[in-house]
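Novice:
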Ligand code: MEV
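Written out as structure tokens, the structure reads:
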């Protein structure tokens with residue numbers, strides 16, 4: 326492709342990472358969840374017409390989409406579904422993905438990739454894309470990545486600010502009454518969302534009463550967290566996060582490396598800290614009193630082994 330072709334004919338789609346503040350896993354069973362976008366970490370897809378089989382160029386693979394390894398099965402299904410919906414043949418398009426969302430860390434990399442692909446494909450065809458169609462198509466890929474995805478990741482990676490979400494319903498924007506400052510710390514261990522979701526399902530069969538109670542508690546904590554955020558009650562929000570971590574540990578989706586980062590954040594003065602996303606690896610989310618405290622928490626978690634940290638603030642000014 327020449328530079329001129331690219332500038333004239335390239336269509337772009339973009340989505341960002343996300344964090345679950347309270348309610349992961351319970352979300353799969355229809356309980357409420359509080360989530361937020363991380364606009365600092367984006368996935369951008371460029372698409373342009375080119376005769377021949379569909380090609381994909383992304384951080385983990387470059388070549389014909391049909392020959393991509395099994396982890397791309399969801400993406401293959403998504404691209405075919407999007408082109409079919411547009412009444413286009415499954416060919417004649419090149420897709421190039423640039424991403425700074427860490428892959429497999431519970432930050433929504435698969436949903437963000439899927440959303441950016443759908444947007445780029447629709448734009449390259451000059452077709453309008455409504456939110457419902459976008460989310461439905463992202464769901465095609467997410468069902469491969471997560472098994473029974475609730476849809477919260479798809480909603481959060483295209484959200485403009487914090488959202489409260491419930492499976493099967495549209496995400497509702499939530500505006501915090503005062504700024505909320507979060508730190509995200511990467512444990513460096515891959516998060517197995519699919520395995521973790523399946524593990525909770527197995528636990529539900531094995532130990533139905535206890536698991537159901539814990540999922541209900543997580544749902545209540547998410548509701549409490551939503552109310553605390555809208556009222557600007559950061560103490561209660563932090564406590565909801567801490568309580569949620571207890572439930573997630575009991576459900577078996579935390580790991581010693583995550584517990585260590587949670588403890589480091591709390592010892593350094595976090596209002597609350599917990600794993601975020603599917604767990605069994607991935608990231609920890611901590612709530613700080615102010616931006617200076619957030620920097621301090623980030624340093625404390627790095628000292629305890631976090632490979633990378635990011636800051637995100639919501640409310641007042643929107644997510645930064
Ligand atoms: C993953 O970010 C959140 C989970 O609850 C899965 C889902 O809701 O699809 C673990």
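In my numbering, the protein residues as written are 326 to 645. Every residue, glycine too, gets a C-beta built ideally from N, C-alpha and C. None of these values were measured; they are calculated from a predicted model.
Suppose you measure from the CA of residue 361 to the CA of residue 584; what does that come to, to the nearest Å?
Specialist: As a working note, residue 361 is residue 36 in the chain shown. As a working note, residue 584 is residue 259 in the chain shown. Roughly 22 Å separates the two Cα atoms.
Novice: Closest to residue 307 by C-alpha separation, out of 586, 601, 607, would be which residue?
Specialist: With the chain represented from 326 up to 645, any question about residue 307 goes unanswered, as that position is not in the structure.
Novice: Assign residue 356 to one of three DSSP states: helix, strand, or coil.
Specialist: For the purposes of this step, residue 356 is identified with residue 31 of the chain shown, where counting begins at 1. Residue 356: coil per DSSP, three-state reduction.
Novice: Compare the beta carbon distance of residue 490 and residue 474 with 7 Å and say whether it is the shorter of the two.
Specialist: Start at 1 with the first residue of the chain shown, and residue 490 comes out as number 165. Start at 1 with the first residue of the chain shown, and residue 474 comes out as number 149. In this structure, residue 474 does not lie closer than 7 Å to residue 490 by Cβ.
Novice: Based on Cα-Cα distance, which residue from 378, 355, 445 lies nearest to residue 334?
Specialist: Position 9 of the chain shown, counted from the first residue, corresponds to residue 334. Minimum Cα distance to residue 334 is reached at 445.
Novice: Quick check for students: name the residue ranges of the beta strand (DSSP E) that lie wholly in the region 360 to 439, counting only runs of 3 or more.
Specialist: Counting whole runs of 3 or more residues, the region 360 to 439 contains the beta strand (DSSP E) stretches 380 to 383, 386 to 389, 418 to 424.
Novice: Going by beta carbon distance, what residues of the same chain come within less than 7 Å of residue 376, once the five residues before and after it are set aside?
Specialist: By one-based count along the chain shown, residue 376 stands at place 51. For residue 376, where only same-chain residues beyond five positions count, the Cβ hits under 7 Å are 417.
Novice: Is any non-hydrogen atom of the ligand MEV found closer than 6 Å to the C-beta of residue 575, if you look at the structure I gave you?
Specialist: Your numbering for residue 575 matches position 250 in the chain shown. Checking every heavy atom of the ligand MEV against the Cβ of residue 575, none is found closer than 6 Å.
Novice: Shortest alpha-carbon distance to residue 548 belongs to which of 574, 624, 497, 508?
Specialist: The count along the chain shown starts at 1 and reaches residue 548 at position 223. Residue 548 has its Cα closest to that of 497, out of 574, 624, 497, 508.
Novice: To the nearest angstrom, how far is it from the Cα of residue 590 to the Cα of residue 457?
Specialist: In the chain shown, residue 590 corresponds to position 265, counting from 1. In the chain shown, residue 457 corresponds to position 132, counting from 1. Distance between the alpha carbons of residue 590 and residue 457: 38 Å.
Novice: Taking three-plus beta-carbon pairs below 8 Å as touching, is the region 422 to 440 in contact with the region 336 to 348?
Specialist: The answer is yes - the region 336 to 348 touches the region 422 to 440, with three or more Cβ pairs under 8 Å.
Novice: Residue 474: beta carbon under 6 Å from a heavy atom of the ligand MEV?
Specialist: Against the chain shown, residue 474 aligns to sequence position 149. Yes - the ligand MEV has a heavy atom lying nearer than 6 Å to the Cβ of residue 474.
Novice: On the DSSP bridge assignment, give the partners of residue 571 in chain order.
Specialist: Position 246 of the chain shown, counted from the start, is the residue given in the question as residue 571. BP columns for residue 571 are empty, so no partner.
Novice: Can you list, in chain order, the residues of its chain with a C-beta nearer than 7 Å to that of residue 593? Leave out the 5 residues immediately preceding and following it.
Specialist: Position 268 of the chain shown holds residue 593. Cβ neighbours of residue 593 beyond the five flanking positions: 621, 622, 625.
Novice: Please classify residue 387 as buried or exposed, where buried requires at least 16 neighbouring CB atoms within 10 angstroms.
Specialist: Against the chain shown, residue 387 aligns to sequence position 62. Residue 387 should be labelled exposed.
Novice: Under 6 Å Cβ to Cβ from residue 380, same chain only, skipping five residues before and after it: list those, please.
Specialist: Numbered from its first residue, the chain shown carries residue 380 at position 55. Counting only Cβ-Cβ distances below 6 Å, and skipping sequence neighbours, we find 389, 419.
Novice: Secondary structure at residue 499, three-state DSSP: helix, strand or coil?
Specialist: As a first step, residue 499 is located in the chain shown; it is residue number 174 there, counting from the start. Residue state, collapsed to three classes: coil.
Novice: Can you tell me which of the three DSSP states residue 339 falls into?
Specialist: By one-based count along the chain shown, residue 339 stands at place 14. Residue 339: strand per DSSP, three-state reduction.
Novice: Beta strand (DSSP E) containing residue 597: first to last residue?
Specialist: Your numbering for residue 597 matches position 272 in the chain shown. Looking at the DSSP string, the run of the beta strand (DSSP E) that includes residue 597 is 597 to 601.
Novice: Could you tell me the boundaries of the beta strand (DSSP E) in which residue 454 lies?
Specialist: The residue labelled residue 454 in the question sits at position 129 within the chain shown. Note, residue 454: premise wrong, no beta strand (DSSP E); not H, not E.
Novice: Please report the distance separating the alpha-carbon of residue 326 from that of residue 421.
Specialist: Mapped onto the chain shown, residue 326 falls at position 1. Mapped onto the chain shown, residue 421 falls at position 96. With a pLDDT of 44 at residue 326, under the threshold of 50, the modelled position of that residue is not reliable, and the figure given next carries that caveat. Roughly 12 Å between the two C-alpha positions.
Novice: Please go through the same chain and pick out, in chain order, the residues whose beta-carbon is closer than 6 Å to the beta-carbon of residue 465, but skip the five residues on each side of it.
Specialist: Residue 465 sits at position 140 when you count from the first residue of the chain shown. Counting only Cβ-Cβ distances below 6 Å, and skipping sequence neighbours, we find 402, 403, 406.
Novice: Relative to the alpha-carbon of residue 372, which residue among 570, 447, 378 has its alpha-carbon at the smallest distance?
Specialist: As a working mapping, residue 372 is identified with position 47 in the chain shown. Cα-wise, what sits closest to residue 372 is 447.
Novice: Hey, out of 385, 429, 400, 494, whose CA is closest to residue 443's CA?
Specialist: In the chain shown, residue 443 corresponds to position 118, counting from 1. Ranking 385, 429, 400, 494 by Cα distance to residue 443 puts 400 first.
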